[in-house]
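J.: Under our numbering, think of the first position of the sequence shown as 360, with each following residue one higher.
Even glycine gets a Cβ: it sits at the ideal position worked out from N, Cα and C.
Being a predicted model, the structure only gives us computed values, none of them experimental.
First the structure, which I've put down as structure tokens, then a few questions once you've had a look.
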Amino acid sequence: MTGTLFFNLLRISLALSAPAAALLLLSPAWNRTYAALWKTRLWCLLAALLLLGPWIRLPEGTAGIEIPLPARQMLYTQSESGRTQMQLLSGGTGAAEEQNPPAQTEGNSGQQAAAAVPARQRSIDILTLAEIIWGVGAAIFLLRLCIGEYLFTRRVGRWARPAKNERLLAVYRELCRQRGKGRCPELLILPDIGSPLMTGLIRHKLLLPSEEYTESEAACILAHELTHWKSGDLWRKTLFCLANAVHWFNPAVWLLRREAGYDLERACDEHVLKNADAAGRRAYGEALLSAARKGRRPALSTYFSGGAKVLQERLSNILSKGKRRGAAPAVLLALLTVCAVFLAACTPKEGTQPTAAVSEGYTLAATLSLEDAEAYIPETGDFPGETDESDINEVIVSRKLEDGTEVLFYWSQSGAKYCAYRASGSSTLTRFTQEDNEYSEGYAIETYTGLFGHDGFIIECPRGAAYQAYDYYYFDEDGQLRLLAQCANYVIDEDINGDGERELLWFYHGGRECYCYFEKDGVLYQAYVSAMVDQTMTAWKDIYALPDRFADGTLPIEYNENSDDSGALPRDGLLRFTSDTVEVYAREDGKEAEDADWASAELTVIDGVPYIRHSVEESWTQLGPAIAAPREWSAQPDLAGRGEATTLIGDPEITIRLVSAKDGWLTATYGRGVAAADTYIYRTHDGGKTWTETGQLTEAHWWPCAMAFTDNKRAVIAVGIFCDAPIFCTRDGGETWSLAKLPFSEGIWEAQSIGSDGEKLTMTVTDKSGSGGTQILTSGDGGATWELTDPAEG
């Protein structure tokens, strides 16, 4: 079940609970005033809508019952050991949950242990978990129902015998002749069933506990059960059971099923006694009492008697006459029920905006149509070819799919590197990509479901120092492997345009190139979003997307205007995605100037309190309350008074910097000049007024010697020489840190400075092992990997 269908199910269940509850509350009054026939028809309508409602979709709707769909935004990062992390980011909070990649091969196990990677937990998004719980519950319900029916059918087949009492058979044949509906059900005797009942959806059987009935009792009992048969009540009960199975989590549906079963019996009583006089009604009531015995009955059956309370109500109903049909209130409730379903099924009209509004201070600058987007036909693998498993020299990473197919990256005997798959139990390898590089880390294989109508797997691999590929594959109906989408570096997998289906938004060269895969009317398209914006907004240049700040279908961007002021700060805008368009928003004049002050502001911490000073000011202004002490201090009562401290105390080495009008970083290092140092990371999201600790950089055992804070999510911290000068980077706002890879095979290189220019980072490093050489390195992936440039002059 896809996420959209599951949420439609929840909406329908919620919407129909109201009319079901109303009818349940009105049932006592209805039973005293109206006949049961029209109420049973209402129950059938409700049950049918509960089953069919989730598939009803009205694209022209303008209102609906909204259940927010959690954003599933994936951020791919690498840990210190080179293992890949796939993070699901919540669009509302920015919180990340990590998924462990597949286990590495034995050849890499030693490197992993040496890297001392922190323990991580495998997580699953809430929507998938809810779908699994729903599926298990529905399966248990149906399994119990089927097992019960199977056991009862076996019992009937083994112990039931045909009726032989000629007087009973004569009454039965006469009643069947009066109803004139083809072949009558087989009349069988099954002791200990409690009371007479009708069973069997296809091959109907009328079961009696004995043949010892008077002619009057037999006529009443048999007429009742044959009325059930003629009315098709077993199929109605099946409908109620299926609705209960699908909506097992909804108490109102359980009550609906129970009350509907009672009403089927009442309606049957009323039909049998339609023309009966008072004596006939008394005889029918006496027959009902004589059959009132307890016993187990299958769910898909009718039964002449019932519980004590139900029996009392039925007897009262039998003895009363002159009830109205109840067609008018039933039609009214039916209309209200249908309206509830239409309301729940309404979805935004295609092409309308998502529900979230654009932030105040932006104006619409252009609307770009997606009508000319290029249709994308999933192609076959890039490097097809078959071999056998003897070609494998070393497996880099592998993953088994649900059907047993194994997908793997491996080094071949010839030294080439391939990605291939082999069917379960087969030794044949089908290679579909060849990776022409020397990288041996940064590989992963994950699975996906329900994307553009397909289930498949994702291969991740490095294809350049600043290029991490994410290719989506699936097997078609003929078993042919097809490439569904090619993505890179940063991938957003969620409903980005409000149409209820997932799309893929991915970025190349940081945020300079943005692409979008989307599906419409069963056709897959790929839009080169950056080029569309460039061609339309000709007065803008150096347009740069900020994917880590994507939320609610809105992508923040930065750009420069064509002007003679080379020192002008970048302006910010928004891209908003709908089913048919990409809307481009620019910041209103004056609003941007108000937020631009942060770029020239200085921040500091005095006695644990944050202060700010703008370029035109001489004095410091307090921003907010004192910054809380690191969390681990509470466990250090004897260390320089830390255990009792509530704020930052002493004289730590502070680095504090804003990366936007709202977001900023702060590092506080204690212990410079002693045997070790502790560095704590804090974040702000309100312009520096309040600061929250994200954690401690536990891998850094000395003080930082250089830092760079690129944006809200990415930062690089280089540590001094006394612990081998490691360089750490984060891409999740400081929650986790990975060890950067330098292009040196020997030497101990200490960072002297780190500078950033948009996506590009530049770092000067010096070899402290004795050569004293200095090099300049650059990174285009947030500091995870670095490339060597020309040596620094002077």
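Between Ala604 and Ile499, what straight-line distance do the alpha-carbon atoms span, to the nearest angstrom?
T.: As a working note, residue 604 is residue 245 in the sequence shown. As a working note, residue 499 is residue 140 in the sequence shown. Their Cα atoms are separated by approximately 9 angstroms.
J.: For a quick check, are the C-beta atoms of Tyr1039 and Ala1020 less than 8 angstroms apart?
T.: Reading the sequence shown from its first residue, position 680 is the one you call residue 1039. Reading the sequence shown from its first residue, position 661 is the one you call residue 1020. Result no, Cβ atoms of Tyr1039 and Ala1020 do not sit closer than 8 angstroms.
J.: Can you give me the C-alpha to C-alpha distance between Trp1185 and Glu576, rounded to a whole angstrom?
T.: Nothing in the structure corresponds to residue 1185, since the chain is present only between 360 and 1153.
J.: Using the beta-carbon count (16 or more within 10 Å), is Lys653 buried or exposed?
T.: Your numbering for residue 653 matches position 294 in the sequence shown. Bear in mind that the predicted position of Lys653 carries a pLDDT of just 43, short of 50, making it unreliable; the figure below should be weighed with that in mind. Result: exposed.
J.: Got a sec? Which residues, its chain only, sit under 7 angstroms from Glu533 by beta carbon, not counting five neighbours each side?
T.: Sequence index remark: in the sequence shown, residue 533 carries index 174 (1-based). No residues qualify anywhere along the chain.
J.: Label Ala407 either buried or exposed according to how many other C-beta atoms from any shown protein chain fall within 10 Å of its C-beta, with 16 as the threshold for buried.
T.: Start at 1 with the first residue of the sequence shown, and residue 407 comes out as number 48. Classification for Ala407: exposed.
J.: Which stretch, first to last residue, makes up the alpha helix (DSSP H) that contains Phe599?
T.: The residue labelled residue 599 in the question sits at position 240 within the sequence shown. Phe599 -> alpha helix (DSSP H) spans 592-605.
J.: Give me, in chain order, the residues of the same chain whose beta-carbon lies closer than 6 angstroms to that of Leu396; leave out the 5 immediate sequence neighbours on both sides.
T.: For the purposes of this step, residue 396 is taken as residue 37 along the sequence shown, with counting starting at 1. Correct list, in chain order: Ala626.
J.: How long is the line joining the alpha carbons of Ala1059 and Glu1105, rounded to whole angstroms?
T.: Start at 1 with the first residue of the sequence shown, and residue 1059 comes out as number 700. Start at 1 with the first residue of the sequence shown, and residue 1105 comes out as number 746. Those two C-alpha atoms are separated by around 21 angstroms.
J.: So which of Ile751, Arg562, Ala619, Thr573 has the shortest CA-CA distance to Leu528?
T.: Counting from one through the sequence shown, the residue named residue 528 turns up at place 169. The residue with the shortest Cα to Cα distance from Leu528 is Thr573.
J.: Sorted by chain position, which residues of the same chain lie with C-beta nearer than 6 angstroms to Lys633's C-beta, five sequence neighbours on each side aside?
T.: As a position in the sequence shown, residue 633 is number 274, starting the count at 1. Nothing meets the Cβ criterion.
J.: Give the secondary structure of Arg617 by DSSP, where H, G and I count as helix, E and B as strand, and everything else as coil.
T.: Taking the sequence shown and counting its residues from 1, the one referred to as residue 617 is at position 258. Helix.
J.: Enumerate in chain order the residues of its own chain whose CB-to-CB distance from Leu411 is below 6 angstroms, with the five nearest sequence positions on each side excluded.
T.: Sequence index remark: in the sequence shown, residue 411 carries index 52 (1-based). The answer is none, since no qualifying residue turns up.
J.: So within the region 989-1058, which uninterrupted beta strand (DSSP E) runs reach at least 3 residues, ignoring any that extend past its ends?
T.: 1012-1017, 1023-1029, 1037-1043, 1051-1055
J.: Can you tell me whether DSSP reads Lys523 as helix, strand or coil?
T.: Here residue 523 is taken as the residue at index 164 of the sequence shown, counted from 1. Three-state DSSP puts Lys523 in coil, outside helix and strand.
J.: Taking Val1075 and Ala1084 to be in contact with their CB atoms under 8 angstroms, please state how far apart those CB atoms are, rounded to whole angstroms.
T.: Residue numbering aside, residue 1075 sits at position 716 when the sequence shown is read from its first letter. Residue numbering aside, residue 1084 sits at position 725 when the sequence shown is read from its first letter. Wrong, their Cβ atoms sit about 13 angstroms apart, outside the cutoff.
J.: Which residues bound the beta strand (DSSP E) around Ser649?
T.: Numbered from its first residue, the sequence shown carries residue 649 at position 290. Careful: Ser649 lies outside any beta strand (DSSP E), inside the alpha helix (DSSP H) at 637-649.
J.: Measure the alpha-carbon distance for Asp1126 versus Gly1142 and round it to whole angstroms.
T.: Here the question's residue 1126 lines up with position 767 in the sequence shown. Here the question's residue 1142 lines up with position 783 in the sequence shown. Rounded to the nearest angstrom, the two C-alpha atoms are 19 angstroms apart.
J.: Would you mind reading off the limits of the beta strand (DSSP E) that contains Ala803?
T.: Working through the sequence shown from its first residue, we reach residue 803 at position 444. Looking at the DSSP string, the run of the beta strand (DSSP E) that includes Ala803 is 803-810.
J.: As a quick exercise: from Ala578, Glu991, Thr940, pick the residue whose alpha carbon is nearest that of Arg526.
T.: The count along the sequence shown starts at 1 and reaches residue 526 at position 167. Closest option to Arg526, Cα to Cα, is Ala578.
J.: Can you check whether the CB of Gly1093 is closer than 8 angstroms to the CB of Arg1042?
T.: Locating residue 1042 in the sequence shown gives position 683, where the first residue counts as 1. Locating residue 1093 in the sequence shown gives position 734, where the first residue counts as 1. Cβ atoms of Arg1042 and Gly1093: closer than 8 angstroms.
J.: Whole angstroms is fine: what's the gap from Glu961's alpha carbon to Trp1096's?
T.: What you label residue 961 is simply residue 602 of the sequence shown in a count that begins at 1. What you label residue 1096 is simply residue 737 of the sequence shown in a count that begins at 1. Their backbone Cα atoms lie some 26 angstroms apart in a straight line.
J.: If you run the structure through DSSP and keep just helix, strand and coil, what is Ala333?
T.: Nothing about residue 333 can be reported from this structure: the residues present for the chain run from 360 to 1153 only.
J.: Less than 8 angstroms separating the beta-carbons of Ala732 and Tyr944?
T.: Taking the first residue of the sequence shown as position 1, residue 732 is located at position 373. Taking the first residue of the sequence shown as position 1, residue 944 is located at position 585. In this structure, Tyr944 does not lie closer than 8 angstroms to Ala732 by Cβ.
J.: Among residues of its own chain, excluding the 5 on either side of Lys676, which ones have a beta-carbon nearer than 7 angstroms to its beta-carbon?
T.: Within the sequence shown, residue 676 is the residue found at index 317, counting from 1. Sequence inspection shows Asn at residue 676; the Lys mentioned does not correspond to that position. Cβ neighbours of Asn676 beyond the five flanking positions: Asn390, Arg625, Asp628.
J.: Measuring CB to CB, does Gly1046 end up less than 8 angstroms from Trp957?
T.: Looking up residue 1046 in the sequence shown gives position 687. Looking up residue 957 in the sequence shown gives position 598. A distance below 8 angstroms separates the beta carbons of Gly1046 and Trp957.
J.: Give the DSSP bridge partners of His813, in chain order.
T.: The residue you call residue 813 lines up with position 454 of the sequence shown. DSSP lists Leu810 as partners of His813.
J.: Give the single residue among Lys596, Ile491, Val892, Gly516 whose Cα lies nearest to the Cα of Arg617.
T.: Mapped onto the sequence shown, residue 617 falls at position 258. Comparing Cα-Cα distances from Arg617 to each of Lys596, Ile491, Val892, Gly516, the minimum goes to Lys596.
J.: Considering Trp1108, what are the terminal residues of the beta strand (DSSP E) in which it resides?
T.: By 1-based counting over the sequence shown, the position of residue 1108 is 749. It spans 1108-1116 - the beta strand (DSSP E) in which Trp1108 sits, taken as one unbroken run.
J.: What's the gap between the Cα of Ser783 and the Cα of Ala1065?
T.: Counting from 1 along the sequence shown, the entry for residue 783 is found at position 424. Counting from 1 along the sequence shown, the entry for residue 1065 is found at position 706. Roughly 51 angstroms between the two C-alpha positions.
J.: Name the two residues that bound the continuous alpha helix (DSSP H) containing Leu905.
T.: Translated into positions along the sequence shown, residue 905 becomes position 546. Per DSSP, Leu905 belongs to no alpha helix (DSSP H) and is neither H nor E.
J.: To which residues of the same chain is Gly1114 closer than 6 angstroms at the C-beta, ignoring the five residues directly before and after it?
T.: Counting from one through the sequence shown, the residue named residue 1114 turns up at place 755. Closer than 6 angstroms at Cβ, skipping near neighbours: Thr1121.
J.: Using CA atoms only, rank isn't needed, just tell me which of Tyr832, Pro969, Gly620, Arg908 is closest to Asn1071.
T.: Counting from 1 along the sequence shown, the entry for residue 1071 is found at position 712. When only C-alpha atoms are compared, the closest one is Arg908.
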